[in-house]
Amino acid sequence: MIRAPAESVDQSLFARLKPGDILFIDSSHRSLENSDVTALFLDVLPELAPGVIVHVHDVYLPYDYPAQAEGLMYNEQYLLAALLLGEASWLEPVLPCFFAAQDPRLSAHLAPVWEAIGTNAFPAPSNSFWLNIKRRR
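Counting in our numbering, the sequence shown runs from 3 upward without gaps.
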């Protein structure tokens, strides 16, 4: 585990991630010049190896940020949405947890999973967004 600003981490570290590895992103949530979010979404994610699993924390897609985030100037999920809407075929959504928690049918399907791993994530909404990096053409 490396607890450091993403924009200051040696980029070769990300290149060493292999299929099945998890990149857990809990960032500043703000895309600005040379910020961690900008570096992660525009420099790191597109270069990850196929099969790397990515967790992005504090994503509420397809909804906007909650009212309690007002004034924090978060915009990270908008970059993610733009990538997904732009048909980034190399980026596969796996589990948008907040969305799943809001949908009764999805929640019902996932409840046994959460119970089996011993977490009480549902019915309380989680705000994780899980992605799989796919092979590029």
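Glycine included, each C-beta is placed from N, C-alpha and C at the ideal position.
Item: State buried or exposed for E49, treating a residue as buried only when at least 16 other CB atoms are found within 10 Å of its CB.; Value: exposed
Item: If you draw a straight line from the C-alpha of L93 to the C-alpha of R138, how long is it?; Value: 9 Å
Item: To which residues of the same chain is V58 closer than 6 Å at the C-beta, ignoring the five residues directly before and after it?; Value: I27 and F131
Item: Can you list, in chain order, the stretches of the alpha helix (DSSP H) that have 4 or more residues and sit fully within the region 63-126?; Value: 78-87, 99-104 and 106-118
Item: Quick one: what does DSSP say V46 is sitting in, helix, strand or coil?; Value: helix
Item: So, S33 versus A8, is the Cβ gap smaller than 9 Å?; Value: no
Item: If you draw a straight line from the C-alpha of G73 to the C-alpha of E35, how long is it?; Value: 19 Å
Item: Classify P125: buried if its beta carbon has 16 or more other beta carbons within 10 angstroms, exposed otherwise.; Value: Unreliable positioning characterises P125 in this predicted model, as indicated by a pLDDT of 49, which lies under 50. A coordinate reading is not provided.
Item: Select from N77, V56 and A51 the residue whose C-alpha is nearest the C-alpha of Y62.; Value: N77
Item: Roughly how many angstroms lie between the CA atoms of S128 and F101, to the nearest whole one?; Value: 9 Å
Item: Between L108, S14, A83 and V39, which has its C-alpha nearest A51's C-alpha?; Value: S14
Item: Should S37 go down as buried or exposed, given a rule of 16 or more other Cβ atoms within 10 Å for buried?; Value: buried
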